[in-house]
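Shown next as C-alpha cells:
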C-alpha cells in the first residue's frame, strides 16, 4: 500500500527535527516558550500517526504505508519503511506517550529544559524508526540510536547514582547488540540485501538458525529485559527522572519484544521451535521469581521496575507458545503495559515531586490529603494486578488461556502473575495510601493540580477503554499474527 503522504517518515523525523530546533534555540531564560513548543511538537508528531490506524487495512498481512529510498546501494541497504498489524500500534503508542512525558515535565524540570525536551522528542522519533524499519541495517541503526538520548536523560537529570545507572544501561544494551550486528552482516552476505522480508525466505540450516537466533537473543533479551540479564533495569528506573522511567517502561522494553516478532521468529523458525522450551523456562522464571522479588522492595520505583520485568516475561511466554491467542494476547499485554507502567511511574513522580522520596516507608495515609490522586493510583494499581475491565486483564487472560491449552502446568505457573501482581501492587498501595497520616510530609501534601489531573485522567481513559473494548487492537493485529505463525510453522529444513 503506497501513499502520497510519507506518514512514517513524518512520524520519525518530525519529532527529531523539532528536538534539534528546540535544543538549538531553547534555553532556561525562555523555558515557558520551550515547554510550549515541545508540547506542540509532541502533539503534531502524534497527529501524523493517526492516519496509520484510520487508513490501515486490517484484512491483509502485507506491509502498509511503505516507503523506499536508496541509501547505501553498494551494501544493498535502503531506507525502507512500513507497518503491519504487529507494529502499527507501537508507532502510535510511542508518539502518544511522548505527549504525557512533556506534560509531566512541565513544572518539574527547571534546569536545561530545552535539552530535556529535545532528548525525549529525538528519542520518540528514533523509537518509531525501530518499529517502522523494514531494512535490517536501518533497524539496527535506529535500535542502537535509542541508547544515546536515554543515556543522556538518565546521566544528566537522574538521581544521585545516575552516572553508574546510565553507564550500566549503556554497557548492557550495547554489548548485547554486538552479536546482533554479526548476525545482520551474515544474513546480508547470504541474501545480498538488508531487506528483512528477504531474510524471512532464506533457506538456512538448523545450525545457522540457532546461531542467528542466539545472536538476536543477546540484544532482545537485554532490552526486554529477560532474566538473568535484567539487573540494569531497576538501577536505571530508580535513577532516571520520571519521564525517563515512563519511556523506558512504556516503549523501550517493547523494542526487544518487537525484535523477536520481526526478526527472531520469522528468520529462524526451526530454531524458535527448537529453543521454545528454553525461552518458556526463562519467561516463567521472570514471572514467578521476579514477582517474588517485587514483593520485598522498599522503593516504589524499584517495585514497579521489577513488575515490568515480570510482565514482559509474560509477553515472551506468549510468543513461544505459537498460538494465535497467545501471540495476540502478548501484543495486547505490551500495549496495555505501555499505558499502565507509564501511569504507575507518573503517579510515583507526583509523590516524589512533593516529598522527594520514593521509599514506601516515607508515606502512609496519603488518601487523607490527596483523595483525587489516591483514586487514580488505585485504578492503576488494580490494572497492574490484572483487574477485569482494565487493560491489564485482557492480554494476561488471553496468554493464560493459551498457555493452559498448550500445557496445564505452564498455564498454572503463568497464572501466578495475577497473584503476585495483586500482592505487590496492592501491598504497596495499602502502605502508601491507606491508614492514618504517617508524618508531617504527608500532612502537608496538596492534591493533584490541573496539569497532573489531565495527565492521569488521560491514561485512565486509555486503560479503561482498552480493558472494556480491546477489539480495535486485536482486529488490527489478527491477520498479521496468523501470517507470522503460518510462516513460523513452515520448516525451512
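Residue numbers (this note's numbering): 4 to 496. The beta-carbon is built from N, C-alpha and C at its ideal position, and this holds for glycine as well. From a predicted model like this one, the values you see are computed outputs, not experimental measurements.
| Asked | Found |
| --- | --- |
| N-terminal and C-terminal residue of the alpha helix (DSSP H) that residue 422 is part of | 411 to 436 |
| Bounding residues of the alpha helix (DSSP H) (the contiguous stretch that carries residue 101) | 91 to 107 |
| Alpha-carbon spacing of residue 109 relative to residue 453, whole angstroms | 12 Å |
| Nonlocal neighbours in the same chain, by C-beta distance under 6 Å from residue 139, ignoring five residues either side | 187, 197 and 199 |
| For residue 107 and residue 84, the rounded distance between their alpha carbons | 31 Å |
| 6 Å CB neighbourhood of residue 368 in its chain, flanking five on each side removed | 438, 439, 440, 441 and 445 |
| Proximity of residue 121 and residue 254 at Cβ, strictly below 8 Å | no |
| Assumed close pair residue 436, residue 377 - CB separation to whole angstroms, cut-off 8 Å | 5 Å |
| Alpha-carbon to alpha-carbon, residue 67 and residue 5 | Summary for residue 5: the model assigns pLDDT 46, below 50, so the residue's position carries little reliability, and this model does not support an answer. |
| Residue 74, DSSP secondary structure in three states | strand |
| Expected contact under 8 Å - CB spacing of residue 101 and residue 127 to nearest Å | 4 Å |
| Bounding residues of the alpha helix (DSSP H) (the contiguous stretch that carries residue 86) | Here residue 86 belongs to no alpha helix (DSSP H); instead the beta strand (DSSP E) covers 80 to 86. |
| Paired residues, beta bridge with residue 302 - DSSP | 362 |
| Closest by C-alpha distance to residue 500, when choosing among 238, 244 and 385 | Beyond the ends of the chain as shown, which are 4 and 496, falls residue 500; an answer cannot be given. |
| Closest Cα partner of residue 95 within the set 132, 112 and 115 | 132 |
| Member of 71, 75, 18 and 490 whose CA lies at the smallest distance from the CA of residue 51 | 18 |
| Alpha carbon of residue 398 to alpha carbon of residue 481, nearest angstrom | 14 Å |
| Outcome for residue 242 when other beta-carbon atoms lying within 10 angstroms are tallied against a minimum of 16 | buried |
| Cβ pair count under 8 Å reaching 3, the region 297 to 311 against the region 424 to 434 | yes |
| Buried or exposed (CB count within 10 angstroms, at least 16 for buried), residue 178 | exposed |
| Cutoff 8 Å; reference residue 265; Cβ partners in own chain excluding five residues on either side | 89, 90, 142 and 199 |
| Cut-off 8 Å between Cβ atoms - residues of its own chain near residue 73, not counting five sequence neighbours on either side | 81 and 82 |
| Contact with chain B by residue 75, beta-carbon distance below 8 Å | In the structure shown, chain B does not exist; there is a single protein chain. |
| Straight-line gap, residue 203 to residue 271 (C-alpha atoms, nearest Å) | 8 Å |
| Cα-Cα separation, residue 185 to residue 78 | 15 Å |
| Residue(s) in a DSSP beta bridge with residue 138 | 198 |
| Meets three-Cβ-pair contact criterion under 8 Å: the region 343 to 354 and the region 404 to 415 | no |
| Coil, strand or helix - residue 5 by DSSP | No answer about residue 5 holds up, because its pLDDT of 46 lies below 50 and its placement is not dependable. |
| Short Cβ contact (8 Å threshold) for residue 240 with residue 171 | no |
| Start-to-end residues for the alpha helix (DSSP H) that takes in residue 114 | Element bounds for residue 114: n/a, residue is neither H nor E. |
| The alpha helix (DSSP H) enclosing residue 154, as first and last residue numbers | 150 to 160 |
| Buried/exposed call for residue 149, threshold 16 Cβ in 10 Å | buried |
| Between the CA atoms of residue 277 and residue 412 - distance to the nearest angstrom | 20 Å |
| Nearest-angstrom beta carbon gap, residue 315 and residue 246 [assumed within contact, 8 Å] | With 8 Å as the limit, residue 246 and residue 315 do not qualify as a contact, their Cβ atoms being about 20 Å apart. |
| Proximity below 8 Å, CB of residue 220 to CB of residue 487 | no |
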